[in-house]
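Asker: Quick one: the structure is below, questions incoming.
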Amino acid sequence: MKHYLPDPDQIPGEAQPQELPPWGETRVVGRSLSRVDGYELVSGTAVYTLDLTLPDMLHAVIVRCPHAHARVVRVETSRAEAMPGVRAVLTASTPGAEIPWYFGDDGPTSRLFDSHCRYAGEEVAAVAAETVHQAWDAARAIEVEYEVLPFVIDEAEALEADAPAVHEGGNLTEQREFARGDVEAAFAEADVVLGGTFRTPCELHAPLETFVSVARWDGDRLTVWDSTQGVFARQQELARYFRLPLTSVRVICPYVGGGFGAKLSTGKYTVIAALAARMTARPVKLAVTREDSFLSEGNRPANTIRLKAAAMRDGTLTALEGEFLGSVGAYPSGAVSPYLLLALYDCANARAATTEVYTNAGRARAFRAPAFPPCAWALEQTIDALAEEIGMDPVEFRLKNLATVLQLRDDLPYTSIGLRECIIEGAREFGWESARSRPQQDGHLRRGVGMAAGMWAYPGEPRATVFVKLFADGSVNLNMGASDIGTGTKTVMAMVVAEELGVPLEQIQIEHADTGTTQYAPASGGSQTVVVSSPAVRAAAVDVKGQLLEIAAAELERPAEGLVLRDGQVVPIDDEGAAVPLAELRGLRQRQNIVGVGRRHPHPEGKIALPFCAQFADVEVNTLTGEVRVARLLAAHDSGRVMSYLTYENQVFGGMAMGIGFGLTEDRVLDSQTGKMVNHNWHDYKIPTAKDVPLEQTCVPIDPHDTECNTTGAKGLGEPAHIPTAAAIANAVYHATGVRVHDAPITAMQMVRLLAETRGD
Amino acid sequence: MSEDSGKRQDSQRGISRRNFLGTMGAGTLGVAVSGRAAPAQGAVAVASDGTQPVTLRINGRRVDLRVEPRWTLLDVLRDHLELVGTKLGCARGECGACTVLVDGQAQYACMTLALEAEGHEITTVEGLMHGEELGAVQQAFVEEDAFQCGYCTPGQVVAAEGLLRGNPNPDLAEIQEGMSGNLCRCGAYDHIFKAVRRAAQLKQLGTG
């Protein structure tokens, strides 16, 4: 998680531990209710950052380096500056543009416009003009002279002594080792030892709304509308770049059109927009084009994972060893993680070594469970192979070796672990045993089923403050900093308020994701949003409830403990006929507002709350064409309480759809001759379409009724939904064909080749 | 048999990535035949700012404006008419976020020049509303939670509308085919399929 999300253990805490008792039966939470913002989303009235036009606004575009590695010798802008509509041209030598650039917390490693361009797509200059067409016309008129340098795009080659240096100091960014037990002895004593080298592709986020910011200055105050997953993170970074107090930077994002991790950290385009706005004293919008976004706005790096594993004939997993290699791209980031290898199964002897390097390619960013799907791809195929080798069913083998504590952190106990139920219930609902033994061949088609397990590692950054305001008529305003990145955050939080205050959803208005008017919440990433913010929302609602019942108790002359809130009324438990609508409470009318404040409680001491999952795939392989069709998918998830079944299921299916892309089609291709990306568009970089997802999908929630994780009992869902899908598909492909596919994606071309090799053609 | 083949044809009224080029070809031809006859086109005065006059019919209203020949229908809708319900995703006919109805048929607005759109009836997501009330497809998308981030949603809604106008009762395979020209990176496809079926029901019931 380094480089992506704050370490929750490093957050200074002084908030009170959780005080609220867990919910019993819930009336609203857990139901399938329509989204509170559904109307805006389907009517077209939701205004995303890319839709925004401010009065007098200019449009900016970025000129990018076309070479994988080059030095900027000269930038000639005079022709562009004289073109119609052009109001500013920015280059490295523009006064105010000498901004040091940070990637993570390790100090500046670049500049806003770095004359040393380390990948094809790096920012060299920018133009702001009256229209976007004029800006592009001028951008094309900027002449840049480059000294083209030798480049390296292959991770292994980057480590060779004579490799071109992406940065002074060499291409090795980090090496780490982890070990427990005696791996050598375990391998020597094991009944079965096997392994292999697995590769996963570089995957691109490709959110439907591109990367875009609109910046406006009012004197020394900067307002940025940004397509972001976290307004407070963006505010902090912009304040640092422009040396402003936090209060002078306001970041707003009512709707974000997808992010998947790519919109957590600040992109250069945002700072360029703000800089151009300051130079021109006009608002400036900068939208990265679709093609450019593929080059410069993040990716999940390719991984090479060499795994070795050992087991005894009785089905005991005795040793795991992994070597991980990945490239962070041209600038600091994260590339690989052995977490899953070291945590998912009970294994006394385990060892991992990771190597991360720089290459002349776009920088990696957090991407839905950073580094976990690649590790699952290697680990879960290896576990599948081990089970077969000892003659045990893969479901049974996994059940025999489940971890019950977090071995990575000195056997830290979990607040709850529903992985066993995920596997058992999932297998049952999927019809695992009968599917596993049905006829596999139908002419040139082969059917097979496979499964894979997973877990996610981030417990959340436990700090958020939420206001809930009750109006005199009993309607409510919920004020929270969290972003809704499409997971239904607003809806789920409104349901929490409705649960506590008995107010219908349509009477709850939400203000969110605005640093000027809402309170701090961590960015929506790492599957932490519900985990972190829903307890704060609940606390704020309970605060309002306490004040309201105090007023009601006085007016109704009954003890507050004997009153409940339901359907917009105060209801005496033992005399429901004496219920009073909130709007008729004199005390409430007198105050007009009741404001409740809720803060997120710290994580439980000595335990950790994490989500688990198991997914099952049913595939059909065409042995003539090599095409793999996913016929059926099932996901069983322990993400704690199901806050809203509709959004829960939707997110699980979405994670699996993305897993189909990771497993079968998605692959950033860099040209070995030029170092340039050749498929930077949706035609050549294939993300799943409606025709690539199975018509039969099942979501099986497993709720362990966790009363310790937090005061709503929910654990994260977004990342785990994506982690094991591709591995489950690969295991199903193996079951169907007997071909173990080590390299993702399983393209038709690769499949045909492997099938031919197996036949001995 | 004839009924079957009729259905199949109708189901292709939605854009798929596979038949997109064919659709575009037909669209271009349609424009050439239907009004902007070649000599007249050559005679149109291009102003010193490079713009030409054009008359469009959008959501039942006539709009007169001047456009540069390179402006797409999407540019005009979003940047000049502020109809931002139609989304910009790729600007190159790959994602379907900009899907509009052209004479009732789903089409990518980013691959349609504004000048080409003259003489055709354009319907955007805003045009599917009945005042402040949601249309049937929109209502169905809300009921089935057929979105996540919502950015591709207007395009999906319009594509579904186009599909249902051509084929009021599509089966699941026809829905999958008909919706395959619209990408959803959040992967809400399963719920989108359910919403299209629900919308077909709502339309038959005459609600929305």
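Those protein sequences? They're chains B and D, same order as listed.
Just so we're aligned, residue 825 is where the first sequence starts under the working numbering, counting upward by one.
Just so we're aligned, residue -2 is where the second sequence starts under the working numbering, counting upward by one.
We put the CB at the ideal spot given by N, CA and C, even for glycine.
#1: Along the chain, where does the alpha helix (DSSP H) that runs through ALA1251 (chain B) open and close?
#2: Based on Cα-Cα distance, which residue from B:ILE1526, B:ARG1040 and B:GLY1150 lies nearest to THR1024 (chain B)?
#3: Which of helix, strand or coil does DSSP assign to GLN834 (chain B)?
#4: Considering only C-alpha positions, which residue in the set B:GLY1310, B:ILE1309 and B:ASN1301 is nearest to VAL1320 (chain B)?
#5: Mind checking whether THR1561 (chain B) and ARG1270 (chain B) have CB atoms under 7 angstroms apart?
#6: If we require 4 or more residues per run, which alpha helix (DSSP H) segments fall completely within the region 1508 to 1581 of chain B?
#7: Among B:SER867, B:THR1071, B:THR1239 and B:GLU969, whose alpha-carbon lies nearest the alpha-carbon of PRO151 (chain D)?
#8: Using 8 angstroms as the Cβ pair cut-off and three pairs as the minimum, do the region 186 to 201 of chain D and the region 135 to 149 of chain D touch?
#9: Where do the ends of the beta strand (DSSP E) carrying MET1279 (chain B) lie?
#10: Tell me the DSSP bridge mates of ALA1460 (chain B)?
#11: Since LEU1458 (chain B) contacts ILE1553 (chain B) with CB under 8 angstroms, what's their CB separation in whole angstroms?
#12: By Cβ distance, which residues of its chain are closer than 7 angstroms to ASP1217 (chain B), with the 5 residues on each side in sequence left out?
#13: Using a Cβ cut-off of 7 angstroms, pull out every chain D residue sitting near VAL866 (chain B), in sequence order please.
#14: Smallest Cα separation from ILE1547 (chain B): which of B:TRP1280, B:LYS1510, B:SER856 and B:GLN1371?
#15: Any beta carbon from chain B within less than 7 angstroms of TYR105 (chain D)'s own beta carbon?
#16: Under 7 angstroms between beta-carbons, which chain D residues line up against GLY1082 (chain B)? List them in chain order, please.
#17: Let me make sure I understand the geometry here. Which of D:GLU123, D:ASP46 and D:GLU171 has the alpha-carbon closest to that of LEU78 (chain D)?
#18: Check this for me: beta carbons of LEU882 (chain B) and ALA952 (chain B), under 7 angstroms apart or not?
#19: Out of D:ASP168, D:ASP61, D:GLU65 and D:GLN104, state which residue places its alpha-carbon closest to the alpha-carbon of VAL154 (chain D).
#20: Where MET1480 (chain B) and GLY1499 (chain B) are concerned, what is the direct C-alpha to C-alpha distance, given to the nearest angstrom?
#21: Measuring alpha carbon to alpha carbon, tell me which of B:THR1313, B:ALA949 and B:PRO846 ends up nearest ALA1097 (chain B).
#22: Using alpha carbons as the reference points, say which of B:TYR1169, B:ASP1116, B:PHE1191 and B:ASP938 lies closest to LEU1203 (chain B).
#23: Closest to ASN179 (chain D) by C-alpha separation, out of D:LEU199, D:VAL73 and D:THR83, would be which residue?
#24: Just checking: is the beta-carbon of ASN1474 (chain B) within a distance shorter than 7 angstroms of some beta-carbon in chain D?
#25: Are VAL852 (chain B) and GLU1253 (chain B) closer than 7 angstroms when you measure CB to CB?
#26: Under 9 angstroms Cβ-Cβ, which residues of chain B neighbour CYS95 (chain D)?
#27: For ILE886 (chain B), name the three-state secondary structure that DSSP assigns.
#28: Shortest alpha-carbon distance to HIS891 (chain B) belongs to which of B:ARG1106, B:ALA1086 and B:GLU971?
#29: Please classify HIS1559 (chain B) as buried or exposed, where buried requires at least 16 other C-beta atoms within 10 Å of its C-beta.
#30: Could you tell me which of B:THR1140, B:ASP1138, B:ARG1045 and B:GLY1081 sits nearest to ARG1102 (chain B), measuring between CA atoms?
#31: With DSSP as the reference, label GLY1479 (chain B) as helix, strand or coil.
#32: Taking DSSP's pairing of strands, which residues face ILE1418 (chain B) in a bridge?
#33: What does SER934 (chain B) pair with, by DSSP beta-bridge criteria?
#34: Would a check of beta-carbon distances place SER177 (chain D) closer than 7 angstroms to chain B?
#35: State yes or no: is the C-beta of PRO1031 (chain B) within less than 7 angstroms of the C-beta of GLY1083 (chain B)?
#36: Against ARG89 (chain D), what residues of chain B qualify as contacts under a CB-to-CB distance less than 9 angstroms, listed in chain order?
Answerer: Looking at the coordinates:
#1: Counting from one through the first sequence, the residue named residue 1251 (chain B) turns up at place 427. Its alpha helix (DSSP H) spans residues 1243 to 1254.
#2: As a first step, residue 1024 (chain B) must be located in the first sequence, where it is residue number 200. Nearest of B:ILE1526, B:ARG1040 and B:GLY1150 to THR1024 (chain B), Cα basis: B:GLY1150.
#3: As a first step, residue 834 (chain B) is located in the first sequence; it is residue number 10 there, counting from the start. Helix at GLN834 (chain B).
#4: Start at 1 with the first residue of the first sequence, and residue 1320 (chain B) comes out as number 496. The shortest Cα separation from VAL1320 (chain B) among B:GLY1310, B:ILE1309 and B:ASN1301 belongs to B:ASN1301.
#5: Taking the first sequence and counting its residues from 1, the one referred to as residue 1561 (chain B) is at position 737. Taking the first sequence and counting its residues from 1, the one referred to as residue 1270 (chain B) is at position 446. The answer is yes: Cβ separation under 7 angstroms.
#6: 1549 to 1561
#7: As a working note, residue 151 (chain D) is residue 154 in the second sequence. Comparing Cα-Cα distances from PRO151 (chain D) to each of B:SER867, B:THR1071, B:THR1239 and B:GLU969, the minimum goes to B:SER867.
#8: Counting C-beta pairs closer than 8 angstroms gives three or more between the region 186 to 201 of chain D and the region 135 to 149 of chain D, which meets the contact rule.
#9: As a first step, residue 1279 (chain B) is located in the first sequence; it is residue number 455 there, counting from the start. MET1279 (chain B) -> beta strand (DSSP E) spans 1269 to 1279.
#10: Position 636 of the first sequence holds residue 1460 (chain B). DSSP, once it has assigned bridges, lists B:ALA1438 and B:VAL1524 as partnering ALA1460 (chain B).
#11: By one-based count along the first sequence, residue 1458 (chain B) stands at place 634. By one-based count along the first sequence, residue 1553 (chain B) stands at place 729. At roughly 12 angstroms, the Cβ-Cβ gap does not stay under 8 angstroms, so LEU1458 (chain B) and ILE1553 (chain B) are not in contact.
#12: Numbered from its first residue, the first sequence carries residue 1217 (chain B) at position 393. Cβ within range, chain order: ALA1211.
#13: The residue labelled residue 866 (chain B) in the question sits at position 42 within the first sequence. Going along chain D in sequence order, the residues near VAL866 (chain B) (Cβ under 7 angstroms) are LEU131, GLN135, PHE138, VAL139, THR150 and VAL154.
#14: On the first sequence, residue 1547 (chain B) is found 723 positions in, with the first residue counted as 1. ILE1547 (chain B) has its Cα closest to that of B:TRP1280, out of B:TRP1280, B:LYS1510, B:SER856 and B:GLN1371.
#15: Mapped onto the second sequence, residue 105 (chain D) falls at position 108. Output row for TYR105 (chain D): interface = no.
#16: On the first sequence, position 258 is the one that residue 1082 (chain B) refers to. Chain D residues near GLY1082 (chain B): CYS146, TYR148, ARG182 and CYS183.
#17: Here residue 78 (chain D) is taken as the residue at index 81 of the second sequence, counted from 1. Taking each of D:GLU123, D:ASP46 and D:GLU171 in turn and checking the Cα distance to LEU78 (chain D), the smallest one comes out for D:GLU123.
#18: Residue mapping note: residue 882 (chain B) aligns to position 58 of the first sequence, counting from 1. Residue mapping note: residue 952 (chain B) aligns to position 128 of the first sequence, counting from 1. Closer than 7 angstroms, so yes.
#19: For the purposes of this step, residue 154 (chain D) is taken as residue 157 along the second sequence, with counting starting at 1. Closest by alpha carbon: D:GLN104.
#20: Along the first sequence, read from residue 1 onward, the residue named residue 1480 (chain B) stands at position 656. Along the first sequence, read from residue 1 onward, the residue named residue 1499 (chain B) stands at position 675. For MET1480 (chain B) and GLY1499 (chain B), the distance between alpha carbons rounds to 31 angstroms.
#21: Translated into the one-based positions of the first sequence, residue 1097 (chain B) becomes position 273. For the residues B:THR1313, B:ALA949 and B:PRO846, the minimum Cα distance to ALA1097 (chain B) belongs to B:ALA949.
#22: In the first sequence, the residue the question calls residue 1203 (chain B) occupies position 379. Measuring from the Cα of LEU1203 (chain B), the nearest candidate turns out to be B:TYR1169.
#23: On the second sequence, position 182 is the one that residue 179 (chain D) refers to. With distances taken between CA atoms, ASN179 (chain D) lies nearest to D:THR83 out of D:LEU199, D:VAL73 and D:THR83.
#24: In the first sequence, residue 1474 (chain B) corresponds to position 650, counting from 1. ASN1474 (chain B) counts as touching chain D.
#25: Within the first sequence, the letter at position 28 stands for residue 852 (chain B). Within the first sequence, the letter at position 429 stands for residue 1253 (chain B). Cβ distance not < 7 angstroms, so VAL852 (chain B) and GLU1253 (chain B) don't count as in contact.
#26: If you number the second sequence from 1, residue 95 (chain D) lands on position 98. Annotation: CYS95 (chain D) has no Cβ neighbours in chain B at a cutoff of 9 angstroms; minimum Cβ distance is about 11 angstroms.
#27: The residue labelled residue 886 (chain B) in the question sits at position 62 within the first sequence. Strand, per DSSP.
#28: The sequence position of residue 891 (chain B) within the first sequence is 67, counting from 1. Checking every option, the nearest Cα to that of HIS891 (chain B) belongs to B:GLU971.
#29: As a position in the first sequence, residue 1559 (chain B) is number 735, starting the count at 1. Under this definition HIS1559 (chain B) is a buried residue.
#30: Translated into the one-based positions of the first sequence, residue 1102 (chain B) becomes position 278. Measuring from the Cα of ARG1102 (chain B), the nearest candidate turns out to be B:ARG1045.
#31: Position 655 of the first sequence holds residue 1479 (chain B). Residue state, collapsed to three classes: helix.
#32: Against the first sequence, residue 1418 (chain B) aligns to sequence position 594. Answer is B:LEU1294, bridged to ILE1418 (chain B).
#33: Here the question's residue 934 (chain B) lines up with position 110 in the first sequence. For SER934 (chain B), which the question treats as bridged, DSSP gives the partners B:TRP925.
#34: What you label residue 177 (chain D) is simply residue 180 of the second sequence in a count that begins at 1. SER177 (chain D) counts as touching chain B.
#35: Indexing the first sequence from 1 puts residue 1031 (chain B) at position 207. Indexing the first sequence from 1 puts residue 1083 (chain B) at position 259. Cβ distance < 7 angstroms, so PRO1031 (chain B) and GLY1083 (chain B) count as in contact.
#36: Working through the second sequence from its first residue, we reach residue 89 (chain D) at position 92. Correct list: ARG1114, GLU1115, ASN1505, TRP1506 and HIS1507.
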